Amino acid sequence: MYAIETEGLTKIYANKKVVNEINLKVAQGSVFGFLGKNGAGKSTFINMLAGLIQPSSGSFKILGEQTHQRQKMGVLPDYSTFYDDLTAFQHLKYFSRLLNVKLPKSEILNLLQRVELEEAAHVKAKKFSFGMKKKLGIAQALINEPDILFLDEPTSGVDANAVLTIHRLIQDISKEGTTIFLTSHNLDEVEKMCDDIAIMNQGVITAKGSMQQLRAKYQNKLIVFIKHSRLNEKQMSSLRPQLEELANKVEWNQELTTVTVDGEWLIPEINRSFLHANVDVFRIEVDEPSLEEIFIKIGENQRSA
Amino acid sequence: MLAIGLREFQNLFKSIRSIIIILFIFSVTLGIAKLINNYKEVLSEVGGLEGDIYMGGLLLLIIGAGPLFVTSLSHNAINQEVHSRTIRFLATKVSREKIVLGKFLGIAMYWMVCILVASLLILPFTKGFYFHQFMEALIFILYFVGLAIFLSTLITKPGMTMFLGSVLAILLPIIGLWSLWSENLIIDLVSYLTPYYYYSVGEHIYTYVVLIFPILFVLGSLLLIRKKDF
Chain A
-7 MYAIETEGLT KIYANKKVVN EINLKVAQGS VFGFLGKNGA GKSTFINMLA
43 GLIQPSSGSF KILGEQTHQR QKMGVLPDYS TFYDDLTAFQ HLKYFSRLLN
93 VKLPKSEILN LLQRVELEEA AHVKAKKFSF GMKKKLGIAQ ALINEPDILF
143 LDEPTSGVDA NAVLTIHRLI QDISKEGTTI FLTSHNLDEV EKMCDDIAIM
193 NQGVITAKGS MQQLRAKYQN KLIVFIKHSR LNEKQMSSLR PQLEELANKV
243 EWNQELTTVT VDGEWLIPEI NRSFLHANVD VFRIEVDEPS LEEIFIKIGE
293 NQRSA
Chain B
701 MLAIGLREFQ NLFKSIRSII IILFIFSVTL GIAKLINNYK EVLSEVGGLE
751 GDIYMGGLLL LIIGAGPLFV TSLSHNAINQ EVHSRTIRFL ATKVSREKIV
801 LGKFLGIAMY WMVCILVASL LILPFTKGFY FHQFMEALIF ILYFVGLAIF
851 LSTLITKPGM TMFLGSVLAI LLPIIGLWSL WSENLIIDLV SYLTPYYYYS
901 VGEHIYTYVV LIFPILFVLG SLLLIRKKDF
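Chain order of the listed sequences is A and B.
Just so we're aligned: 81 in the working numbering is position 89 of the first sequence, and the numbers increase by one with no gaps anywhere.
Heads up, the working numbering is the position in the second sequence plus 700, with the first residue counted as 1.
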């Protein structure tokens, strides 16, 4: 059973398909990142799963059921506000009552401590900063210890410290076995946090898979940096023909050689070439394509198509 | 549903506007009761002084000003949550139906308590609790609670429901009272949709017919909210 399964999920606004027949499967216990630019349709998609937007067509299953599993779900919606007249503590108490979850005072305070809001427990939400509101948003999503957690842009607009707290929290929750589905336009965040990724553009998924799969598919070159002992003429003449045969491009430097190759299977060959030439290799570093590069590449592919 | 109802109920008691309305209802009800009490000898000579005449004062106040009280306090029961986006937290935790029913329940409870307290305040004059008059006042208020919930679900902007609610709260009593003497067919037909016609018949049972309207209004709201995107 998948945590999330969608089939042809579509949302149409004013004759425009904002989300266009999305078929997606998210494994239980995984951290799934939904990546895309602003307006790509990420929030509309997550809001359909969270029960905030009615799909125009298509279907979805959450934890194997075709209905919203509110008791098993936690949702941090984007662009949401809290009640001005309630404190953080009162919010969590009210939301727990909505879910029929009996949370004693100590557990509410623990939850606030988990999101580093314990000192603001009795402060009214209207006095909260944007980052504090995000943290409270995450706390309210965790009230029922959900099996699946939807986080829509959990770190957008928050300061660096709050980002770290939120990332740490997501990692902790993930370790507890909760499936996390997060949308973001922050490439680093998705790369750091997620097991699987889908990239969305103009309402359609343009790429999906694990980071390794995406790298293999969209990046066919690796840049290998070899830090070595200073090369003499004899070593150079031995190395040059071997490396030029293996690599697409070689940039020579006395103590650092940069080699561009088609795949990682060539790295041991390169290492052997240096050893044959009696060069001491101190360090080999491989520059893998970042998600940003993949993202740009997918964009380029789409434009050329 | 109960949690939403309870919060709505508590919020209504917290607002300044609601406190003013409660004080107004209590003071006018007590004032009318005292006035009747001062002239009880004259009144008993003309038509007999029944205890329900004191309750009549409260009922008149509810029929006259109740629509405006309800719409001014609860015109934005649903759409304020949508407008401020707090509904995004509610809708991910409870069904949309429970949001509407909870809101209706909370507002209805508030008015039930207000009318009950007003009825108890005049107990020293009435010397008894007049259940039928209490129910008449409550059912009348429920009509407008249902209407406020319906408008608040139908219209997204709280400002618009404030305006429309106030217009209807003034217009409906005028049409209702006009229809009592008018022979205009349209006015007559519209009057069947207001509670005034049923209250003018003079039979208690007719006032219970009015209960159909808040049920219809709430059902309408339930249908509308299912299709809404938050």
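Positions of the beta carbon are idealized from the N, C-alpha and C atoms, including for glycine.
Predicted model only: the values in this text are computed from it and were never measured.
**Report entry** Residues that DSSP places opposite His300 of chain A in a beta bridge
**Finding:** Chain A is shown from -7 up to 297; residue 300 of chain A falls before or after that span and cannot be answered.
Report task. In the DSSP assignment, find the unbroken alpha helix (DSSP H) run with Asp164 of chain A in it and report its ends. Result -> Where Asp164 of chain A is concerned, the enclosing alpha helix (DSSP H) stretches over Ala152 to Lys167.
Query - Residues that Lys97 of chain A bridges to, as DSSP identifies them - result: In the DSSP output, where bridge partners are listed per residue, Lys97 of chain A has none listed.
Query raised in the report: Looking at the structure shown, is Glu285 of chain A part of a helix, part of a strand, or coil, going by DSSP?
Result: helix
Report task. Using three-state DSSP, classify Asn779 of chain B as helix, strand or coil. Result -> Asn779 of chain B: helix per DSSP, three-state reduction.
Query raised in the report: How should Glu781 of chain B be labelled, buried or exposed, when 16 other C-beta atoms within 10 angstroms of its C-beta is the threshold for buried?
Result: buried
Query raised in the report: Nearest-angstrom Cα distance between Thr811 of chain B and Tyr75 of chain A?
Result: The sequence shown places Trp at residue 811 of chain B, not Thr. Going from the Cα of Trp811 of chain B to the Cα of Tyr75 of chain A covers about 23 Å.
Requested in this report: Compare the C-beta of Met192 of chain A against all C-beta atoms of chain B and say whether one is closer than 8 Å.
Outcome: no
**Report entry** Check whether Gln46 of chain A and Leu55 of chain A have beta carbons under 8 Å apart
**Finding:** no
Query raised in the report: So, do the stretch 831 to 842 of chain B and the stretch 720 to 737 of chain B have three or more beta carbon pairs nearer to each other than 8 Å?
Result: no
Report task. From the DSSP output, in three-state form, read off Ser49 of chain A for me. Result -> strand
Requested in this report: For my contact list, Arg796 of chain B and Ile912 of chain B are in at a C-beta cut-off of 8 Å; report their separation, rounded to the angstrom.
Outcome: No, Arg796 of chain B and Ile912 of chain B are not in contact; Cβ-Cβ is about 23 Å, not under 8 Å.
Query - Host alpha helix (DSSP H) of Met860 of chain B (start-end) - result: Pro858 to Trp881
Query raised in the report: Any C-beta of chain B sitting closer than 8 Å to the C-beta of Ile140 of chain A?
Result: no
Query raised in the report: With contact counted as at least three CB pairs below 8 Å, one residue from each stretch, are the stretch 192 to 199 of chain A and the stretch 223 to 237 of chain A in contact?
Result: no
Query raised in the report: Going along the chain, which residues of the stretch 777 to 794 of chain B sit with their C-beta nearer than 8 Å to a C-beta in chain A?
Result: Ser784, Arg785, Thr786, Arg788, Phe789, Leu790, Ala791, Thr792, Lys793 and Val794
Requested in this report: Quick one: give me the first and last residue of the alpha helix (DSSP H) that Ile822 of chain B is part of.
Outcome: No alpha helix (DSSP H) holds Ile822 of chain B; DSSP gives it neither H nor E.
**Report entry** Secondary structure of Lys928 of chain B, DSSP reduced to three states
**Finding:** Here Lys928 of chain B sits in coil by DSSP.
Requested in this report: Output, in sequence order along the chain, the residues in the stretch 158 to 171 of chain A whose CB is closer than 9 Å to any CB in chain B.
Outcome: none
Report task. Answer yes or no: does any C-beta atom of chain B fall closer than 8 Å to that of Gln204 of chain A? Result -> no
Query - Under 7 Å (Cβ pairs) to chain B, residues found in the stretch 30 to 51 of chain A - result: Those residues of the stretch 30 to 51 of chain A placed with their C-beta closer than 7 Å to a C-beta in chain B are Ala42, Gly43, Leu44, Ile45 and Gln46, ordered along the chain.
Query raised in the report: Which runs of the alpha helix (DSSP H) spanning at least 4 residues fall entirely within the stretch 194 to 258 of chain A, listed in chain order?
Result: 203 to 210 and 225 to 238
Query - Cross-chain neighbours of Ser72 of chain A in chain B, by beta carbon under 8 Å - result: Going along chain B in sequence order, the residues near Ser72 of chain A (Cβ under 8 Å) are Arg785, Thr786, Arg788 and Phe789.
Query raised in the report: From Glu(-1) of chain A to Tyr898 of chain B, what does the alpha carbon distance come to, in whole angstroms?
Result: 52 Å
Requested in this report: Step through the CB atoms of chain A and report whether any lies within less than 8 Å of the CB of Arg717 of chain B.
Outcome: no
Report task. Report the residue from A:Arg264, A:Asn270 and A:Thr171 whose alpha carbon sits nearest the alpha carbon of Val18 of chain A. Result -> A:Thr171
Requested in this report: Examine chain B for any beta-carbon lying closer than 8 Å to the beta-carbon of Gln105 of chain A, and answer yes or no.
Outcome: no
Query raised in the report: For Tyr739 of chain B, does the count of other Cβ atoms within 10 angstroms reach 16, so buried, or fall short, so exposed?
Result: exposed
Requested in this report: Could you have a look at Ser176 of chain A and say whether DSSP puts it in helix, strand or coil?
Outcome: In the structure shown, Ser176 of chain A sits in a strand (DSSP, three-state: E or B).
Query raised in the report: Going by the CB atoms, is the gap between Leu128 of chain A and His83 of chain A shorter than 8 Å?
Result: It is a contact, given that the beta carbons lie within the stated cut-off.
Requested in this report: Answer yes or no: does any C-beta atom of chain B fall closer than 8 Å to that of Pro281 of chain A?
Outcome: no
Report task. Flag this pair as yes or no: are the beta carbons of Val770 of chain B and Val918 of chain B separated by less than 8 Å? Result -> Going by C-beta atoms, Val770 of chain B is not nearer than 8 Å to Val918 of chain B.
Query raised in the report: How many angstroms separate the CA atom of Val817 of chain B from the CA atom of Leu805 of chain B?
Result: 18 Å
Query raised in the report: So, using beta-carbon positions, are Ile259 of chain A and Val242 of chain A closer together than 8 Å?
Result: Not a contact, by the Cβ cut-off of 8 Å.
**Report entry** Reduced DSSP category for Phe142 of chain A - H, G, I as helix; E, B as strand; rest coil
**Finding:** Reduced to three states, the DSSP call for Phe142 of chain A is strand.
Query - Close Cβ partners of Phe287 of chain A (< 8 Å) along its chain, the five nearest in sequence each way excluded - result: Leu27, Leu179 and Ile191
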